[in-house]
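Just so we're aligned, residue 28 is where the sequence shown starts under the numbering used here, counting upward by one.
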Amino acid sequence: MKKTRIGVLGAGAMGSGIALAALYADHEVTLTDSSPEALDRAREYAVEHLSRKDLSERIQQLNISQDIGALSGSEVVIEAAFEKLELKQELFAQLDRISPAPAILATNTSTLSVTAIAAMTSSPERVAGMHFFNPAPVMRLVEIAKGASTSQDTVETLVQLAESMGKTPVVTGDSPGFIVNRVARPFYGEALRLLGERVAGYEEIDLLIEAAGFPMGPFELMDLIGLDVNLAAATTMYESTYGEPRYRPHWLQRQMVESGTLGRKSGAGFYEYDGGEKRGTPPKAPETSQESGYVLVSDGSWAPELGKLLGQAGYTMSETHGDLPLAAVVVNGREEGVRDVVRRYDRGLAPNIPILCQTVDVDLSEVGQGTYHPERIVGFDGLFLAAGNAATLVQGPDLADEIRLTTTDLISSFGKQPVWVEESPGMVTPRIVCCLANEAAFAVGEGVAGPTEVDIAMELGVNYPTGPLAWAEQLGYERVAAVLDHMARVYGEERYRVAPWLRKMARQKESRAV
Ligand code: NAD
């Protein structure tokens with residue numbers, strides 16, 4: 028793309044970053060802000076970062092002004108003022124006069140309606156969302172959001188502009204939260220619910236989520252984003268969808284915001300911070316006990332990597348027990364089958380042998396029903412057993428101390444830290460990942476973007492290790508649907524209803540397997 032005259036309105040965190048990204052790409056930039064301090068900071072920031080890249084002379088291409096009228100010669104204006112609809116509408120009404128067609132007007136809004144902002148102009152076809160991520164010079168994703176009247180030419184120009192800045196543009200519809208801020212909601216919302224339901228502590232949830240490959244657990248990330256900012260995003264999503272239950276904010280977060288516990292910036296959130304550094308003790312590395320022996324494994328596919336892990340830890344898998352010295356029994360099937368298998372083993376084996384049962388889509392208490400020795404039954408998350416250095420174990424109310432110790436030893440011998448949690452449908456990681464996949468499926472079904480675009484957006488916008496739909500593909504759409512159905516059954520909430528697009532994918536896969 029040729030050198031373009033870009034106007035940036037608002038020189039805060041985002042505006043100054045967008046201006047720098049545009050200078051890196053050799054565009055001409057006019058940056059305006061009503062605050063002279065913000066403009067000074069933005070200039071210093073540009074000087075420092077340009078010099079680090081040996082591009083100091085590019086500062087000549089940055090024109091700074093407190094007067095919004097300075098944007099009159101811009102070919103594209105990107106607005107990055109406060110996230111307030113009335114303010115943005117007022118600014119776009121002004122921009123409509125200052126920068127007439129064919130100039131393009133873009134807003135960096137994260138959650139507001141592009142259509143509502145564009146409606147204040149005489150030519151809404153030249154208005155679109157151009158949503159950068161923080162820090163804008165570094166993050167590769169840019170969501171280009173099409174308002175109800177946005178023209179294809181406007182979209183194409185913004186796509187080219189984003190590409191000229193070395194970004195990966197993804198075109199989305201103008202629905203609340205676009206892709207990233209929408210699909211990411213369960214990452215925070217389900218984590219808060221797990222904490223609120225006392226299934227596990229925030230450190231344990233973070234540990235398990237990091238073990239699944241996420242760069243940061245949900246609670247550490249909320250602390251970084253700011254609990255107030257995160258709550259505001261959740262609230263906007265909830266309100267702008269007229270109360271969609273999947274987006275309902277959590278009272279725990281509101282309570283923390285009300286008490287001024289905002290995260291890193293206030294010195295304390297879920298964690299405490301010392302000069303911006305997180306305080307706390309790193310989790311202990313598991314001690315590997317060089318146990319070996321036989322593990323009886325029932326057939327089933329809800330713990331796909333189990334055999335490999337057992338082999339690495341020196342165990343031999345067996346399908347029949349006979350007189351073998353058994354270390355444990357692992358039941359990794361699903362639904363009714365699981366209960367029958369558990370009962371059969373419970374009747375045939377000495378009571379000191381733990382029975383580990385996958386409980387991602389079944390309840391541990393249901394599994395234990397009708398057994399003589401419910402004290403030896405432990406739940407585990409088979410789907411994410413192989414991921415990272417932690418494993419989720421569920422304790423039932425009757426669990427014997429001896430069984431807890433033996434199980435801890437067994438899991439530690441895999442080189443994994445056992446994380447004991449309370450019984451809860453979908454457990455921790457499957458619950459969060461399946462809800463992310465479900466949200467992604469709703470977005471695809473509603474035409475916000477295609478599956479590939481949604482996955483790219485989540486990988487580049489929030490650094491997820493895998494796009495949620497690629498994850499659903501790996502786990503199996505039918506398993507993701509089964510986990511959500513189980514949650515819907517237990518909670519009785521519409522929040523966990525399966526997205527029609529996901530259900531369709533699950534059925535297609537099942538019918539292909541038959
Ligand atoms: P910020 O508070 O850091 O900066 C906003 C700037 O706008 C301030 O410098 C302020 O002086 C200026 N401003 C406000 N009203 C103005 C007016 N009438 N005329 C001129 N300047 C005015 O905010 P931010 O974090 O940079 O966010 C800006 C926008 O980008 C918001 O819409 C936000 O939702 C969106 N966004 C933020 C992030 C993020 O992580 N911070 C990420 C993506 C998008």
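Just so it is clear, CB atoms sit at the ideal spot from N, CA and C, and this is done for glycine as well.
Quick caveat, the model's predicted, so the values are computed rather than measured.
Counting only runs of at least 3 residues, the stretch 171-227 fully encloses the following beta strand (DSSP E) elements, listed from N- to C-terminal order: 195-200. Rounded to the nearest angstrom, the gap between the Cα atoms of A497 and D482 is 7 Å.
Considering only T57, G244 and R79, the residue with the shortest C-alpha distance to V455 is G244.
By the neighbour-count definition (other C-beta atoms within 10 Å, threshold 16), F411 is a buried residue. Within the model, the alpha-carbon separation for R85 versus T136 is close to 27 Å. Here Y504 is buried: its Cβ has 16 or more other Cβ atoms, across all protein chains shown, within 10 Å.
Within the same chain, P276 come within 8 Å of T262 by CB-CB distance, once the 5 residues on both sides are set aside. Counting every other CB atom within 10 Å of its CB across the protein chains shown gives P492 a total below 16, marking it as exposed.
Restricting attention to P272, R281 and V226, the CA atom closest to the CA of G253 is found in R281. Inter-segment contact for the stretch 440-456 and the stretch 471-488 is absent: fewer than three beta-carbon pairs are separated by less than 8 Å. Between the alpha carbons of N208 and L122 lies a gap of roughly 27 Å. DSSP lists A418 as the beta-bridge partner residues of P445.
Within the model, the alpha-carbon separation for V165 versus A533 is close to 37 Å. Using a Cβ distance threshold of 9 Å, V356 and V324 count as a contacting pair. It is roughly 46 Å from the alpha-carbon of E266 to the alpha-carbon of I382. Only residues of its own chain outside the window of five on either side were considered, and among them P313, N416, A417 and A418 have a CB closer than 7 Å to the CB of K443, listed in chain order. The beta carbon of I95 sits closer than 8 Å to at least one heavy atom of the ligand NAD.
The stretch 136-145 makes contact with the stretch 110-127: 3 or more CB pairs, one atom from each, lie closer than 8 Å. Per DSSP, the unbroken alpha helix (DSSP H) holding Q121 starts and ends at L112 to I125.
Relative to the non-hydrogen atoms of the ligand NAD, the Cβ of H513 never comes closer than 8 Å to any of them. Pairing P457 with V387 gives a Cβ-Cβ distance under 9 Å.
At least one heavy atom of the ligand NAD falls within 8 Å of the beta-carbon of K115. In this structure, V197 sits away from V226, with a CB-CB distance that is not shorter than 9 Å. Relative to the ligand NAD, the nearest heavy atom lies less than 8 Å away from the CB of S62.
Counted as a single uninterrupted DSSP element, the alpha helix (DSSP H) harbouring F469 occupies residues T456 to G472.
For the pair S92 and D67, the Cα-to-Cα distance works out to about 10 Å. Just so you know, the alpha carbons of I144 and A175 end up roughly 11 Å apart. Here the stretch 181-188 makes no contact with the stretch 60-76; the two share fewer than three CB pairs at distances below 8 Å. DSSP places V357 inside the beta strand (DSSP E), whose first and last residues are L353 to V358. A Cβ-Cβ contact shorter than 9 Å links F160 with V489. Judged by their CB atoms, I125 and G96 are nearer to each other than the 9 Å cut-off. Rounded to whole angstroms, the Cβ separation of E106 and T134 is 5 Å, and the two are in contact under 8 Å. Under the DSSP assignment, F246 falls in the alpha helix (DSSP H) whose first and last residues are P245 to I252. In this structure, the ligand NAD has a non-hydrogen atom nearer than 8 Å to the beta-carbon of F159. Exclusion of M264 from the 8 Å shell around the ligand NAD follows from its C-beta lying no nearer than that to any non-hydrogen atom of the ligand. Collapsing the DSSP output to three states places Q88 in a helix.
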